[in-house]
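*Asks:*
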Amino acid sequence: MDAPAIHGALAAAFGDRITGADLAAVSPFAIVEPLAIAEVAAFCKADPALAFDNLMCLSGVDYPKETPPRMEVVYHLFSYRHRHTFALKVQLPRESPAVPSVEGVWAVANWHEREAWDLFGIAFTGHSDLRRILLPDDWEGHPLRKDWQDPEYYNGMHVKPTQQMQERALGGEPIGVGPFDFTPANRSQEEP
Amino acid sequence: MSSTAPWISDWDGDGLDTDEMVVNMGPQHPATHGVLRLELRTDGEVVRAARPHIGYLHRCFEKHAENVDYPGVLPYADRMDYVAAMGNTLGFALTVEKLLGIEPSPYVQTLRVLMAELQRIASHAVAVGTYTMDIGAFTPFLHLLRDREKILDLFEWTCGARLLYNYNWVGGVSHDLPDGFLRATRDMLSEFDSVTFPELLDLIIHNRIFVKRIAGVGVCPRELAIAYDLSGPNLRGSGLAYDLRKDEPYSGYQGYEFEVCVGTGQYGPVGSCFDRNWVRVAEMRESSKIVHQALDRLEKMEKADVHEKVPKRVKPPKGEVYCRSEAPRGQLGYYLVSDGNVNPYRLKVKSPCFTAMSVFHNLAKGMMIADVIALIGSLDIVLGEIDR
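Note that the protein sequences, when read in sequence, are chains A and B.
Start counting the first sequence at 1; every next residue gets the next number (the numbering used here).
Start counting the second sequence at 193; every next residue gets the next number (the numbering used here).
1. Flag Pro390 (chain B) as yes when its Cβ comes closer than 7 angstroms to any non-hydrogen atom of the ligand ADP, and as no otherwise.
2. Could you work out which residue in B:Asp435, B:Ala308, B:Pro298 is closest to Asn280 (chain B) when comparing CA atoms only?
3. Between the segment 42 to 56 of chain A and the segment 486 to 493 of chain B, do at least 3 Cβ pairs fall closer than 8 angstroms?
4. CB Ser59 (chain A) to CB Val74 (chain A), shorter than 8 angstroms?
5. List the residues of chain B whose Cβ lies closer than 8 angstroms to the Cβ of Trp106 (chain A), in chain order.
6. If we cut at 8 angstroms on Cβ distances, does Met71 (chain A) have a partner in chain B?
7. How about Glu289 (chain B): is its C-beta nearer than 8 angstroms to some C-beta of chain A?
8. Using the rule of at least 16 other Cβ atoms within 10 Å of the residue's Cβ for burial, across every protein chain shown, is Asn533 (chain B) buried or exposed?
9. Using DSSP's beta-bridge definition, name the partner residues of Gly20 (chain A).
10. Would the segment 353 to 366 of chain B and the segment 399 to 419 of chain B be scored as touching if the rule is three or more Cβ pairs under 8 angstroms?
11. Along the chain, where does the beta strand (DSSP E) that runs through Ser517 (chain B) open and close?
12. Along the alpha helix (DSSP H) that carries Ser423 (chain B), what are the first and last residues, could you check?
13. Would you please state the rounded distance, in angstroms, between the beta carbons of His160 (chain B) and Leu134 (chain A)? I believe it to be under 8 angstroms.
14. Counting along the chain, where does the beta strand (DSSP E) carrying Ser59 (chain A) start and finish?
15. Residues in its own chain within less than 6 angstroms of Gly264 (chain B) by CB, not counting five upstream and five downstream?
16. For Met157 (chain A), list the residues DSSP reports as bridge partners.
17. Compare the C-alpha of Gly525 (chain B) against each of A:Met165, A:Phe78, A:Pro68, A:Glu167 and name the closest.
18. Check distances from the C-beta atoms of the segment 52 to 72 of chain A to those of chain B and list, in chain order, the residues that come in under 7 angstroms.
19. Could you tell me which whole beta strand (DSSP E) segments of length 3 or greater appear in the segment 476 to 554 of chain B?
20. Please decide whether Trp111 (chain A) counts as near chain B, where near means a Cβ-Cβ distance under 8 angstroms.
21. Rank B:Gly218, B:Asp202, B:Glu212, B:Trp199 by C-alpha distance to the C-alpha of Ile565 (chain B) and give the top, closest one.
22. With a cut-off of 8 angstroms on the beta carbons, I'd call Lys45 (chain A) and Val90 (chain A) a contact; round off their distance for me.
23. Closest to Phe120 (chain A) by C-alpha separation, out of A:Ala42, A:Asp62, A:Phe43, would be which residue?
24. Using a Cβ-Cβ distance under 8 angstroms, would Thr183 (chain A) count as near chain B?
25. Apart from the five residues on each side of it in sequence, which residues of its chain come closer than 6 angstroms, Cβ to Cβ, to Arg81 (chain A)?
26. Over what stretch of residues does the beta strand (DSSP E) that includes Thr125 (chain A) continue unbroken?
27. DSSP state of Asn110 (chain A), grouped into three classes?
28. Along chain A, which residues have their Cβ under 7 angstroms away from the Cβ of Gly511 (chain B)?
29. Any idea what DSSP makes of Leu135 (chain A), helix, strand or coil?
30. Any idea if Thr118 (chain A) is buried or exposed, counting beta-carbon neighbours within 10 angstroms, 16 or more meaning buried?
31. Which residue from B:Gln301, B:Ala407, B:Met380, B:Leu346 puts its Cα closest to that of Asp563 (chain B)?
32. Taking DSSP as the reference, what is the three-state secondary structure of Leu266 (chain B)?
33. When you compare the CB of Thr547 (chain B) with every CB in chain A, is at least one pair closer than 8 angstroms?
34. Less than 8 angstroms between the CB atoms is what I'm expecting for Val462 (chain B) and Gly431 (chain B), so what's the real figure, rounded?
35. Which value, in whole angstroms, describes the spacing of the CA atoms of Gly511 (chain B) and Glu66 (chain A)?
36. So, using beta-carbon positions, are Glu609 (chain B) and Arg538 (chain B) closer together than 8 angstroms?
What follows is the structure, encoded as structure tokens:
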């Protein structure tokens with residue numbers, strides 16, 4: 001099936017819970033109401049004409065500058081039986097993004113959702129094991145958000161160059177730790 | 193106490209359960225192919241449950257990509273799957289080209305296919321070589337690394353790098369082939385076809401010890417493979433003949449003759465560790481066929497400017513695209529969102545090793561600890577790509 005037919009099948013089954021679509025895009029997608037996503041996902045997999053048995057990718061995206069500011073979760077689907085692809089999207093409020101998990105439909109979603117939680121802070125309700133996956137367990141914050149600021153300290157270690165260090169480096173002063181000096185000895189002063 | 197303790201040969205395994213113990217395997221374990229930590233809940237030698245911990249090699253690829261321009265992403269992409277860097281940059285270049293709506297010249301596409309397939313041979317050589325080392329045979333590893341060196345020499349001759357090439361650019365490739373490259377590649381391949389490959393089959397694949405060791409271990413049924421989105425040799429090892437080079441061709445793959453190799457279960461159940469390795473080895477032969485055909489084409493083709501279609505400024509229109517390609521380890525997908533700027537707004541990588549690792553706990557349940565090593569190696573994971 002092509003993208004308009006897939007969108008038609010979804011719209012026929014779910015009506016106004018499919019809130020939008022872009023079928024002319026390079027990778028066509030439909031926008032789904034967040035609370036309906038688990039049902040839509042189960043339908044996509046079970047319906048014999050759609051038969052999306054494979055979740056290729058699940059990604060979070062942050063759009064702080066849109067009105068209203070939002071987060072998106074994008075599901076890229078593929079069917080091994082019919083060899084067609086489609087994408088679903090949910091749009092979540094940026095303040096407390098939460099969406100039902102689709103882990104029960106596609107098992108691979110477990111790790112993808114953990115990654116989206118880790119890097120974006122999107123909560124997946126009903127997820128069996130929502131822990132951080134790539135970052136350390138004691139990490140604070142979600143770095144792929146667009147308003148992310150690097151922390152000054154991590155576990156008591158200073159991890160960000162201070163203003164003073166930056167000024168000294170730009171001024172050409174050697175920066176070392178303790179008695180060590182990492183400036184090469186033979187560096188000439190009149191380098192081009 | 194009665195004196196009728198059962199003979200070991202009569203014992204059915206009941207009544208001697210021990211307390212469970214949690215064993216940490218890794219992150220500095222040589223058989224975990226990088227820095228992977230496994231928590232194994234064991235009962236004696238049997239694994240009752242497993243929990244992988246990843247992220248030790250996380251280098252913020254996706255965050256970096258948002259802060260550099262498109263050509264600047266390519267060297268970072270190289271560093272994801274560092275055993276098969278050609279495939280990473282090819283996937284990224286294809287993604288951006290799809291959004292830009294450009295297609296490189298046939299000459300460039302042939303170069304890309306040539307390099308991608310040479311890389312596939314080199315990558316599978318490492319995969320099978322380290323696998324034999326994991327399960328206790330050291331010599332084949334040295335043989336295969338020796339053969340891989342010859343391919344790396346060709347890469348070095350072309351673009352100056354042996355591991356991280358930055359070769360596939362958006363719209364082109366970085367360097368044209370040097371004079372004499374075609375002939376040298378032919379020589380390398382004729383040795384591969386007539387000596388290396390038959391030796392590989394004799395020494396490893398049809399070796400009785402190798403077959404007996406892994407033919408029934410780590411069986412991944414087809415439904416499980418699809419549910420966990422396995423791809424590449426792991427999926428085809430489970431008996432599903434799906435290869436993007438055949439089913440969704442890109443870069444002119446439709447013009448090459450080759451077969452999609454699948455696991456047939458010739459020595460045990462379909463989808464075992466043996467089948468995954470068999471698919472890799474069989475794919476090396478198919479890749480060799482493709483390289484021969486690419487060389488035939490290049491001999492007849494006029495040399496063209498490999499930078500002809502490279503845009504001065506890569507600035508895709510506003511939009512988004514999901515594009516996947518068949519890297520040596522499986523389907524490598526890029527989800528790219530562009531806001532019309534010179535750097536990506538969002539770049540997500542679907543790594544085939546990431547999904548292969550996510551099925552691990554399912555397959556490891558009930559295994560012996562020694563078989564866990566055999567399983568990890570057969571999934572052929574590269575932690576650089578899992579953690580990104």
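A virtual CB, placed ideally from N, CA and C, is assigned to each residue, including glycine.
*Replies:* By the coordinates alone:
1. Looking at this structure, you won't find the ligand ADP or any other ligand, since it has none at all.
2. That would be B:Ala308, whose Cα lies nearest to the Cα of Asn280 (chain B).
3. Verdict: no, contact absent.
4. Yes, the Cβ-Cβ distance between Ser59 (chain A) and Val74 (chain A) is below 8 angstroms.
5. Within chain B, the residues near Trp106 (chain A) are Ala419, Asp421.
6. Taking Cβ atoms only, chain B never reaches closer than 8 angstroms to Met71 (chain A), which makes this a no.
7. Not one chain A Cβ lies under 8 angstroms of Glu289 (chain B).
8. For Asn533 (chain B), the number of other beta carbons within 10 angstroms of its own is below 16, and it is reported as exposed.
9. DSSP lists A:Ile31 as partners of Gly20 (chain A).
10. Contact fails: fewer than three Cβ-Cβ distances are below 8 angstroms.
11. That run of the beta strand (DSSP E) goes 511 to 519.
12. Segment: none, Ser423 (chain B) is in no alpha helix (DSSP H) and carries neither H nor E.
13. No answer is possible for residue 160 (chain B): the residues shown for chain B start at 193 and end at 580.
14. In the DSSP assignment, Ser59 (chain A) falls within the beta strand (DSSP E) that extends over 54 to 63.
15. Around Gly264 (chain B): no qualifying Cβ.
16. The partner list for Met157 (chain A) (beta bridge, DSSP) reads A:Tyr154.
17. Looking at the Cα atoms, A:Phe78 is the closest of the given residues.
18. Residues of the segment 52 to 72 of chain A with a C-beta atom less than 7 angstroms from some C-beta of chain B are Asp53, Asn54, Leu55, Met56, Cys57, Ser59, Val61, listed in chain order.
19. Segments of the beta strand (DSSP E) lying fully in the segment 476 to 554 of chain B: 511 to 519, 522 to 530, 538 to 542.
20. Contacts with chain B at 8 angstroms (Cβ-Cβ) include Trp111 (chain A).
21. Nearest of B:Gly218, B:Asp202, B:Glu212, B:Trp199 to Ile565 (chain B), Cα basis: B:Gly218.
22. At roughly 17 angstroms, the Cβ-Cβ gap does not stay under 8 angstroms, so Lys45 (chain A) and Val90 (chain A) are not in contact.
23. Nearest C-alpha to Phe120 (chain A): A:Asp62.
24. Note that Thr183 (chain A) scores a pLDDT of 48, beneath 50, so its modelled location is shaky; the value from the coordinates is reported in the next line. False, the Cβ-Cβ gap to chain B never drops below 8 angstroms.
25. Contacts found: Ala51.
26. Thr125 (chain A) -> beta strand (DSSP E) spans 123 to 125.
27. Secondary structure of Asn110 (chain A) (DSSP, three-state): helix.
28. By Cβ distance, chain A contributes Ala25, Val26.
29. Note: Leu135 (chain A) maps to coil in three-state DSSP.
30. Checking the sequence, you will find Asp at residue 118 (chain A) rather than Thr. Within 10 angstroms of the beta-carbon of Asp118 (chain A) lie 16 or more other beta-carbons, which makes it buried.
31. Nearest C-alpha to Asp563 (chain B): B:Ala407.
32. In the structure shown, Leu266 (chain B) sits in a helix (DSSP, three-state: H, G or I).
33. With 8 angstroms as the cut-off, Thr547 (chain B) counts as an interface residue toward chain A.
34. Rounded to whole angstroms, the Cβ separation of Val462 (chain B) and Gly431 (chain B) is 5 angstroms, and the two are in contact under 8 angstroms.
35. If you take the alpha carbons of Gly511 (chain B) and Glu66 (chain A), they lie about 15 angstroms apart.
36. What is shown of chain B runs 193 to 580, which leaves residue 609 (chain B) out entirely.
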